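Please read the structure below before turning to the comments.
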């Protein structure tokens with residue numbers, strides 16, 4: 087049974103591309119970095135005990151708490167630096183504003199394992215359709231990798247890069263207009279929505295039925311996350327230190 091969100095003892099954890107975990111702890115009014123090395127199981131994804139080899143019937147929800155707002159982007163880059171090593175992993179990253187979308191795209195664009203696209207309000211319709219089509223292909227490739235785990239290796243070339251779509255709430259797939267959900271394996275809420283309805287809409291339009299939601303939380307947003315958890319009946323657990331445990 088996953089441990090529900092406890093905002094009185096929330097950890098501050100990030101993981102970076104060197105497979106190193108960083109824990110933020112308060113000590114005498116400032117943030118102290120305590121590092122410890124952790125070998126990520128992504129190096130052996132074909133293991134029979136890997137969650138990717140299992141079948142989950144519903145989404146799983148996790149949180150990553152960041153001690154200070156200035157560490158948030160760094161935390162995201164470190165997180166993607168590890169998750170992005172999974173071959174063809176389809177991910178959607180949700181922002182609340184265009185400014186944050188632009189900032190995220192700028193920070194993530196140089197990650198070697200990531201193929202990045204974005205959806206924003208003034209994107210031409212043909213380009214929007216192209217983004218959806220390419221992401222759909224990435225989802226199909228991911229599903230094939232899951233069906234044949236011996237082929238699921240760390241990505242090291244253009245064809246096997248993980249695929250990330252960065253999107254604002256205003257540009258989520260319009261199901262009522264005939265657009266299909268994009269069924270990402272991982273949905274990252276870079277900016278936590280303030281309303282349960284927005285949280286659920288992101289899930290409905292962007293997440294596979296057995297996908298993973300990772301919520302990035304800063305300071306007082308813990309209260310908002312707790313409210314979403316309670317009002318929607320969702321259990322939001324601590325993200326494991328070894329990210330591959332949930333992929």
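Residue numbers (our numbering): 87 to 333. Heads up, the beta-carbon is just placed ideally off N, CA and C, and yes, glycines get one too. Please read all numbers here as calculations on a predicted model, not as lab measurements.
message: Quick check on DSSP: helix, strand or coil for residue 184?
response: Here residue 184 refers to the residue found at position 98 of the chain shown. Helix at residue 184.
Which of helix, strand or coil DSSP assigns to residue 280: By one-based count along the chain shown, residue 280 stands at place 194. Under the three-state reduction of DSSP output, residue 280 falls in the coil class, being neither helix nor strand.
- request: Compute the beta-carbon to beta-carbon distance between residue 272 and residue 200, rounded to the nearest angstrom, for a pair I have assumed lies under 8 angstroms.
  value: As a working mapping, residue 272 is identified with position 186 in the chain shown. As a working mapping, residue 200 is identified with position 114 in the chain shown. A Cβ-Cβ distance of about 12 angstroms is found for the pair residue 272 and residue 200, leaving them out of contact under the 8 angstroms criterion.
- prompt: Does DSSP classify residue 210 as helix, strand or coil?
  reply: As a working note, residue 210 is residue 124 in the chain shown. Coil.
- request: With DSSP collapsed to three states, give me the class of residue 265.
  value: As a position in the chain shown, residue 265 is number 179, starting the count at 1. Collapsing the DSSP output to three states places residue 265 in coil.
field: Extent of the continuous alpha helix (DSSP H) run through residue 313
entry: Working through the chain shown from its first residue, we reach residue 313 at position 227. Annotation for residue 313: the continuous alpha helix (DSSP H) segment containing it runs 307-318.
query: Around the Cβ of residue 309, are there at least 16 other Cβ atoms within 10 angstroms (buried) or fewer (exposed)?
result: Position 223 of the chain shown, counting from 1, holds the residue named residue 309. A residue is called buried when at least 16 other Cβ atoms come within 10 angstroms of its Cβ; residue 309 does not meet this threshold and is exposed.
message: Restricting to Cα atoms, I'd like to know which of 165, 153, 160, 154 is closest to residue 300.
response: Translated into positions along the chain shown, residue 300 becomes position 214. The shortest C-alpha to C-alpha distance from residue 300 to any of 165, 153, 160, 154 is the one to 165.
field: Classification of residue 295 by the beta-carbon crowding that lies within 10 angstroms, buried from 16 upward
entry: Stepping through the chain shown from its first residue, residue 295 is reached at position 209. Around the C-beta of residue 295, fewer than 16 other C-beta atoms lie within 10 Å, and the residue is accordingly described as exposed.
message: For residue 220, count the other beta carbons within 10 Å of its own beta carbon; 16 or more makes it buried, fewer makes it exposed. Which is it?
response: Translated into positions along the chain shown, residue 220 becomes position 134. Flag for residue 220 reads exposed.
task: Answer with buried or exposed for residue 281, where buried requires no fewer than 16 other C-beta atoms within 10 angstroms of its C-beta.
output: Working through the chain shown from its first residue, we reach residue 281 at position 195. With fewer than 16 Cβ atoms within 10 Å of its Cβ, residue 281 is classed as exposed.
query: Helix, strand or coil: how does DSSP classify residue 252 here?
result: As a position in the chain shown, residue 252 is number 166, starting the count at 1. Residue 252: strand per DSSP, three-state reduction.
- prompt: Which value, in whole angstroms, describes the spacing of the CA atoms of residue 182 and residue 233?
  reply: Numbered from its first residue, the chain shown carries residue 182 at position 96. Numbered from its first residue, the chain shown carries residue 233 at position 147. Residue 233 has its alpha-carbon roughly 34 angstroms from the corresponding atom of residue 182.
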